[in-house]
Amino acid sequence: MAHVPNPRPTGDFRVSYAADRTLFKTRNETYFVIAGVLLVALAPLFFGGYVLSQLILIGIYAIAALGLNVLTGMTGQISLGHGAFFGFGAFASAWIASRGIPVMFAIPLAGVMTMAVGMVFGIPAARLKGLYLAIATLASQYILEDFFARADWFTGGTYGSLAETASFFGYQLDSDASYLYLVLFWVIVSFVGVANLARTRDGRALVAVRDHYLSAEIMGINLTKYRILSFGISSFFAGIGGALYGHYLGFVSGEGFTILLSIEFLAMIIIGGLGSVSGSLLGAAFILLLPQAMEIFANAVATVVPAIAQGTAYIKQMSVGAAIILFLVLEPEGLVHRWRLMRASWKLYPFSH
Amino acid sequence: MTSLTRLTFATAFAAGTILSGTAFAQDDSVLVGQLADYTGATSFVGKQYGPGVSDAFKQINADGGIDGTMVELDTVDYAYKVPEAIAQFKKWVGNGMVALQGWGTADTEALISFVAREEIPTISASYSAHLTDPTGKNPTTKAPAPFNFFYGPSYSDACRAVVQWAAEDAKEKGIENPTFVHTGDNHPYPNAPKEACGAYAKELGFKVAPPVVVPLAPGDFKAQCLTIKDSGANYVFMGNLGGSVVSLIKSCNTVGVDAIYMGNPWAGDYQTVEAAEAQNLIFPSSTPFYGADVPGMELVRKIVENGDGQVGDRPTHHYIRGVCSAYYMKEAMEWAKANGGIEGKNIRDGMYQKTDWVPEGLEGVCSPSTWTTEDHRGLLKVTINSGSFKDGEAVIEKIAEIDVPRRDEWLGQ
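From first to last, the protein sequence lines are chains A and B. Residue numbers for the first sequence, in our numbering: 1 to 353. Residue numbers for the second sequence, in our numbering: 1001 to 1413.
Written out as structure tokens, the structure is:
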């Protein structure tokens, strides 16, 4: 994406390493992000349950998609088992909470448990690449799905398990408005965490593995270590996302965590932008909101053309598919790239680049 | 950059909600949620039962509603997915739902604690016996289900009834030590009667072979049929429904299994018999079939004619069970309206008011049922039918009527 001009204003020179390593590139960017967080934090004052529940789900899926983006976008490893890790996090947190540990601690613990499981399944990744790795991770999807259906002590078997309501020092987070803050907290922690990771030695090592594994190895990067580490980080965020999802719904059922969910996560990061931290959030929002936007669209069409009222469900499904295809054809580098182009064009206005 | 996008999405969706939120603002109406499966794994019968409920409420409203209060029925196709059902339930609770018409076992059992907490009486199309113990009187009950009801015999009781029939059938045919096998997916719905029914079969002198897992989605089941053949089963109980049952019977005929197939309340109807070209498919029922000569059939016919036409002009008995579910709820709501208002707890109490209860106008259609505060086994009478494919159409005859005993240790099992 080098052809998109740098958004830094004229005169903003970086004269020290510290200045060059700031989290946000410009002052305005910092303000925007803070304003965005504040806006979301104020959302419960203005919006009802529907918008809030959408914000919560976007946050939850964005955390999990961010994890996959570390693995796929940053390290260049494909995973078809991310949905199962998401599910493992949900079951793990419900299970930990059922042993009497407060949900607030159960969520990060579930992340750590999922990380451990992810690293075990990541071991083949140290030896495999490309399509072979895809199939190996497919196995992790099926093994975990079967585990969900059979491990009665852990998941409640095919019946699923109840996930306790989260509480914060005795205050029950049982409304969408209160749960939003919990999700927002984890979104900030995860996104700042991964944005920082990209600036560290380990983060650069992951990118090096993606860009050319042989060169990376020659430079002294331990491929096995970093590939497994990447699986671990990715599963950690899947686990956090899953745990938040489980406690949000209040019930965890193995049915929700199929290969379809794994593919949806892949779609999120491809549409959002591979390797981009903010792209994960954009992609999650896009994939989640598209079907609903299409439903509104199809219903609107049906009121104009009543003849198709029976077929709105089909129209909705087909337009979701069509929108995704169009997206991949017209904007293969993701939403985040489109955003950068837009920003560059108004920065340079009236001189297009 | 995230801020702007979020803001845009938030505004877009605020606008969207206003557009799509078709106001439920009728002056005097109550919201009833209906979970239906029209596109999921159980849609074969979901497309029959669901319209039964919605057409019945349409008729109820046309006849003046609940003493003047209209029922705002919100039917949602949740495609048999538990997380969807739970998300939908929460949405409805936010909109002030007073009662729920549920569907499958997985979601109904998942919702037990939710409907109890929110006090939303639920009439489900899941007949899982786990829903029948409202107080946890039976020590083996995992979770009491104080707000769950259903019309008809539970899966366990229906299975016990067909096993009882099978025992007599085996005696008549002189089969000594007959073998019974349960087939079905590893899923809450087919699993519901597995242990209870196997235990009763053993009690009646059957040899019970290990259960065979047959997926709920149709497919090629020859491998499973070979296992059934090896087990020497004489009576095969099918916990699945629709396409899966059809596939199983066809695959097993190819493999050469010589057994009698017995279904749960959803596994048998004229469509299944025709599709499978089955001979002597045994299945339980709790209503007469469409067109039967009973006084209440007139109302059912009217409901079909005034309905949305989703089931054509020959609905199966699953549709009629849906009608019964709707009318029991309607009369419970009427009692609630006269005794404190149409709201969760009152509707539930309305379910306890009558014994041998038949909704008005459905005489001969819905069997007399009784729900009590300690026992939600409304109906224990099971009609056993045999369906055979003859000359291009299904011929179904009633072969037995069995009263399953009301044993205490079977409550919730």
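C-beta: ideal position from N, C-alpha, C; glycine also.
Once you ignore the five residues that flank residue i on each side, which residues in its own chain have a CB closer than 6 Å to its CB?
i: A:D20; result: R14
i: A:H24; result: For the record, residue 24 of chain A in the displayed sequence is Phe; it is not His. Counting only Cβ-Cβ distances below 6 Å, and skipping sequence neighbours, we find T30.
i: B:K1345; result: E1119
i: B:A1336; result: I1342, N1346, I1347, G1350
i: B:K1289; result: The sequence as given places Phe at residue 1289 of chain B; Lys does not occur at that position. Cβ neighbours of B:F1289 beyond the five flanking positions: H1317.
i: A:A285; result: I58
i: B:G1016; result: With a pLDDT of only 45 at B:G1016, under 50, the local geometry of the prediction cannot be trusted, and the value read off the model is given with reservation. So the list is empty, once near-sequence residues are dropped.
i: B:A1085; result: L1035, Y1078, D1107
i: B:P1215; result: D1185
i: B:T1022; result: Only weak support exists for where B:T1022 lies, its pLDDT of 41 falling under 50; the value from the coordinates is given anyway. Nothing meets the Cβ criterion.
With DSSP as the reference, please indicate the residues paired to residue i in a beta bridge.
i: A:Q172; result: A:S167
i: B:T1179; result: B:K1207
i: B:E1397; result: B:S1386
i: B:Q1353; result: BP columns for B:Q1353 are empty, so no partner.
i: B:G1184; result: B:V1213
i: B:Y1261; result: B:V1236
i: B:T1075; result: B:Q1034
i: B:Q1101; result: B:Q1034, B:I1123
i: A:T75; result: According to DSSP, which records beta bridges pairwise, A:T75 is partnered with nothing at all.
i: A:L162; result: A:F251
i: B:T1069; result: B:I1066
i: B:T1135; result: DSSP, once it has assigned bridges, lists no residue as partnering B:T1135.
Determine the closest residue to residue i out of the options, with distance taken between C-alpha atoms.
i: A:Y181; options: A:T114, A:G49, A:L42; result: A:L42
i: A:L290; options: A:I324, A:G279, A:T72, A:Y142; result: A:I324
i: B:E1393; options: B:P1359, B:G1340, B:D1269, B:Q1059; result: B:D1269
i: B:I1260; options: B:E1203, B:E1305, B:D1169; result: B:D1169
i: B:Q1453; options: B:A1209, B:R1160, B:I1396; result: For chain B, the structure presents residues 1001 to 1413; residue 1453 of chain B sits outside this window and is missing.
i: A:D174; options: B:P1211, B:G1094, B:E1203, B:E1195; result: B:G1094
i: B:T1039; options: B:A1087, B:A1079, B:D1067; result: B:A1079
i: B:K991; options: B:T1372, B:P1368, B:G1387, B:T1373; result: Shown here, chain B extends from 1001 to 1413; a query on residue 991 of chain B therefore has no answer.
i: B:S1154; options: B:V1395, B:V1115, B:K1207, B:G1104; result: B:G1104
i: B:V1404; options: B:A1125, B:I1060, B:R1377; result: B:R1377
i: A:V363; options: A:G170, A:G321, A:N299; result: This structure does not reach residue 363 of chain A, given that chain A is present from 1 up to 353, and the question cannot be answered.
i: A:T165; options: A:G100, A:A149, A:V305; result: A:G100
i: A:A298; options: A:T312, A:Q141, A:R150, A:L328; result: A:T312
i: A:S258; options: A:F86, A:I270, A:D202, A:A126; result: Note on residue identity: the sequence assigns Thr, not Ser, to residue 258 of chain A. Selected option, being the one with the closest Cα: A:F86.
i: A:G242; options: A:A18, A:F91, A:A125; result: A:F91
i: A:L229; options: A:M119, A:L45, A:G36, A:A65; result: A:M119
i: A:S376; options: A:S319, A:A65, A:A163, A:F47; result: Residue coverage of chain A in this structure runs from 1 to 353, which leaves residue 376 of chain A outside it and unanswerable.
For residue i, collect the residues of the same chain with a Cβ closer than 7 Å to its Cβ; drop the 5 residues on either side in sequence, then sort them by chain order.
i: B:S1020; result: Caution applies to B:S1020, whose pLDDT of 43 falls short of 50 and renders its modelled position unreliable; the value that the coordinates give is listed next. Within the same chain, B:S1020 has no close Cβ partners at all.
i: B:R1407; result: none
i: A:I96; result: A106, L109, A110
i: A:I308; result: V301, A302, I315
i: B:A1276; result: V1245, V1246, I1249, K1250
i: B:V1255; result: K1222, C1225, L1226, K1229
i: B:G1065; result: V1071
i: A:F88; result: T114, V117, L144, G239, G242
i: B:C1197; result: S1156, C1159, R1160, V1163, H1182, F1237
Excluding the 5 residues flanking residue i on each side, which residues of the same chain have their C-beta closer than 8 Å to its C-beta?
i: A:E331; result: H337, R338
i: B:V1032; result: F1057, V1071, E1072, L1073, D1074, M1097, V1098, A1099, L1100, Q1101, M1329
i: B:A1025; result: Any reading at B:A1025 needs caution, since the residue's pLDDT is 42, under 50, leaving its predicted position unreliable; the model's value is listed next. If we look at B:A1025 and ignore the five residues flanking it on each side, it has no Cβ neighbours.
i: A:D176; result: P44, G49, L52, S53, I56
Within 7 Å of any Cβ in chain D, is that where the Cβ of residue i sits?
i: A:F251; result: The chain inventory of the structure shown lacks chain D, comprising the protein chains A and B.
Three or more beta-carbon pairs under 8 Å between the region 1115-1124 of chain B and the region 1168-1185 of chain B, yes or no? no
Sufficient close CB pairs (3 or more, under 8 Å) joining the region 71-91 of chain A to the region 127-135 of chain A: yes
Contacting positions in the region 1269-1289 of chain B - beta carbon closer than 9 Å to chain A: none
Taking only beta carbons into account, state which residues of the region 55-73 of chain A come closer than 7 Å to chain B, listed in chain order. none
Selection of the region 1063-1082 of chain B by Cβ proximity to chain A, strictly under 7 Å: K1081, V1082
Counting Cβ pairs, one atom from each stretch, are 3 or more of them under 8 Å apart for the region 251-263 of chain A and the region 147-161 of chain A? yes
For the region 1170-1194 of chain B, which residues have a CB atom closer than 8 Å to at least one CB atom of chain A, in sequence order? N1186, H1187, P1188, N1191
Interface residues of the region 138-164 of chain A facing chain B [CB-CB below 9 Å]: A149, R150, G157, T158, Y159, G160, L162
Short of 7 Å Cβ to Cβ, which residues in the region 1027-1050 of chain B face chain A? none
Check whether the region 1163-1179 of chain B touches the region 1220-1227 of chain B, counting contact only when three or more Cβ pairs, one atom from each stretch, lie closer than 8 Å. no
Is the region 53-70 of chain A close to the region 219-227 of chain A, with three or more CB pairs under 8 Å? no
So, do the region 1198-1210 of chain B and the region 1137-1155 of chain B have three or more beta carbon pairs nearer to each other than 8 Å? no
If contact means a Cβ-Cβ distance below 8 Å, which residues of the region 1119-1143 of chain B contact chain A? none
Taking any Cβ of chain B, which residues in the region 196-217 of chain A have a Cβ under 9 Å from it, in chain order? none
Are three or more beta carbon pairs between the region 207-215 of chain A and the region 38-53 of chain A nearer than 8 Å? no
Closer than 8 Å, Cβ to any Cβ of chain B: which residues of the region 268-299 of chain A, in chain order? S278, L281, L282, A285, L289, Q292, A293, E295, I296, N299
Between the region 1382-1390 of chain B and the region 1130-1139 of chain B, do three or more beta carbon pairs fall short of 8 Å? no
What residues in the region 1091-1106 of chain B have a beta carbon less than 8 Å from any beta carbon of chain A? K1091, G1094, A1106
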